[in-house]
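Following the numbering used here, the numbering of the sequence shown begins with 52 at its first residue and continues without gaps.
Since the structure comes first, as structure tokens, the remarks are kept for the end.
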Amino acid sequence: MEGLNHTPQTSTKPEIPKKRAIIGPGLLVAATGVGAGDLVAALVAGTNYGLVFVWAILVGAVLKFVLNEGVGRWHLATGTTILDGWKRMGKWATGYFGIYIVIWGFVYGAAVASSCALAMTAMFPQLPLWGWAVINSLAGFALVWQGKFRAFENVMNVLVGVMFVTVVGSAVIVLPELGGVIHTAVPSLPEGSLLYALGLIGGVGGSITLASYGYWLQEKKWQGLGFVRAVRYDSGIAYLVTALFTVSLLILGAALLYGTDATIEGEKGLVDFAAILGNELSPAFRWVFLIGFWAASFTSLLGVLNGVSYLFADFVHTVRNTGIEKRHLSGTKAYKFYVFWLTFPPMLLHFFGKPVGLILVYGALGSLFMPFLAFTLLYLLNRKALVPDAKVRNHWLSNLFLLLNLLLFAVLAVNELKGLFD
């Protein structure tokens, strides 16, 4: 059965769709990966350093492209999922992921709903923050609960369009204001900014949702080695979009705030920036930016509800060895449980605050996931026994970039863990 047959797919060469038709799963990755945290990081970079760190965003997009392409290539080359790969690496790998995904989902469900609520409260203050958080959570739950991929994909694509028109459009409007900061566009590493630059590189374009890419490929019926080139094209589109969106935020910060005493602090700072944008351009742009802020947050909520629920369902059925076909995961009880887990238990955190101990564990586990994923792809995609076709195994360049990913995220993980004891 599909997902359980570990025989590499070496002979199937399905008809490849036209390029306009293969732009799909990658955009889901891009939309899910760009959230409120990315908006804050890019605005802060532009505010504090001008255009210096455009290079960091571009490097981050390339590194995440390599990870995303590797996940997709594993699915196509083996006919299995990333969970099957982790199972082959040993019980430690699936055990770590199982602990991580349960804790991560509980805290992330509250955090992403709060991001959506910040934008909605700024536009419609008649309801309190917790009220909008609950409404956004319920709206996401309603869209994803039935596991209808086509409806989910259509909503996500519309919201990507909204993000582009609002945020990228705003950046285009302020381009004439860059005259005074264009000298900062020279790539450099200001004194004392190494860890900041590494964090900006690592923050481009999502984390655990990268591992969801293979399930979205299955939904699009991309199977076999004939789709490897399509996956590379699709992943390239995803991270081109991500880079363009993130650079647009940096441009906004640099054009309007660089050289001033203004500061952007946390997600609340995005609401303050919307007011600044409205004052500098016109009141309408306050609404434009807030709509883009909400769209970026809500696509992250929807993408995680759909994509990470596949991962959890796959984890449950892989560990239990139930024999279910992996393309049917969205109809399983495990999938629906995780959609529920991401939606309702986190609502408690809106009312009672976020327990410090849980947040610390979440941060520690989260910092270890990206080096874990990079190591996974280095280990699995270099093994001839798993990927017999030399053309599909890692090229030396893929290995080089995966090693860079591993080193980068290992440094960030050590820094995160060190912060627990400071």
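Even glycine gets a Cβ: it sits at the ideal position worked out from N, Cα and C.
What you are looking at is a predicted structure, and each value in this text was computed from that prediction instead of being measured.
Looking only at V370, A346, G141, T383, the smallest Cα-Cα distance to V163 is reached by A346. Counting along the chain, the unbroken alpha helix (DSSP H) around W392 starts and ends at 384-394. About 20 Å separates the beta carbons of W183 and V390, which is beyond the 8 Å limit, so they are not a contact pair.
Shown here for S351: same chain residues with a beta carbon closer than 7 Å to its own, the five before and five after excluded, namely T83, G86, V163 in chain order. Assigned with DSSP and collapsed to three states, E331 falls in helix.
In this structure, the beta-carbon distance from L356 to L393 falls below 9 Å. A direct Cα-to-Cα measurement between F395 and A325 gives close to 30 Å.
Annotated as proximal: T145 and W137, with beta-carbon spacing under 9 Å. In this structure, V216 sits near G343, with a CB-CB distance shorter than 9 Å.
If you look at V158, you'll find it in the alpha helix (DSSP H) that goes 142-174. E376 is classed as exposed because its beta carbon has fewer than 16 other beta carbons within 10 Å across all chains shown. Secondary structure at I315: coil, using DSSP grouped into helix, strand and coil. Here S360 is buried. Its C-beta has 16 or more other C-beta atoms within 10 Å. Every alpha helix (DSSP H) of 4 residues or more that sits fully in the stretch 172-229 is shown, in chain order, as 180-195, 200-214, 220-225.
Only residues of its own chain outside the window of five on either side were considered, and among them P422 have a CB closer than 7 Å to the CB of A461, listed in chain order. Take the alpha-carbon of K442 and the one of F148: they are about 30 Å apart.
About 5 Å separates the beta carbons of L251 and A107, which is inside the 8 Å limit, making them a contact pair. The C-alpha of Q177 is placed about 48 Å away from the C-alpha of L455. Here the alpha carbons of N187 and L246 stand approximately 34 Å from one another. Assigned with DSSP and collapsed to three states, Q269 falls in helix. Per DSSP, the continuous alpha helix (DSSP H) segment holding P76 begins and ends at 76-84. In the three-state reduction of the DSSP assignment, D440 falls in the coil class, being assigned neither a helical nor a strand state. Listed in chain order, the non-local C-beta contacts of E228 below 6 Å within the same chain comprise A306, local neighbours out to five positions each way being set aside. Between the C-alpha atoms of K435 and R124 there is a straight-line separation of about 14 Å.
In this structure, A289 lies near A81, with their beta-carbon atoms less than 9 Å apart.
The closest CA to that of W267, considering only S381, L109, S299, is found on S381. Remark: C-beta atoms of G354 and M207 approach each other more closely than 9 Å. If you check the CB distance, H401 and A385 do not come in under 9 Å. F403: member of the alpha helix (DSSP H) spanning 398-403, first to last residue. In this structure, DSSP gives T369 a helical state, which the three-state scheme calls helix. Around the beta carbon of G231, fewer than 16 other beta carbons lie within 10 angstroms, which makes this residue exposed. For the options N466, Y430, L362, I315, the alpha carbon positioned closest to that of L90 is the one of I315. Taking every protein chain shown into account, the CB of N445 has 16 or more other CB atoms within 10 angstroms, so this residue is buried. Annotated as distal: V103 and A92, with beta-carbon spacing of 9 Å or more. Cβ neighbours of G101 within its own chain (closer than 7 Å, five residues either side excluded): V232, T235, A305, Y309. The residue among L180, S166, R378 with its C-alpha nearest the C-alpha of T172 is L180.
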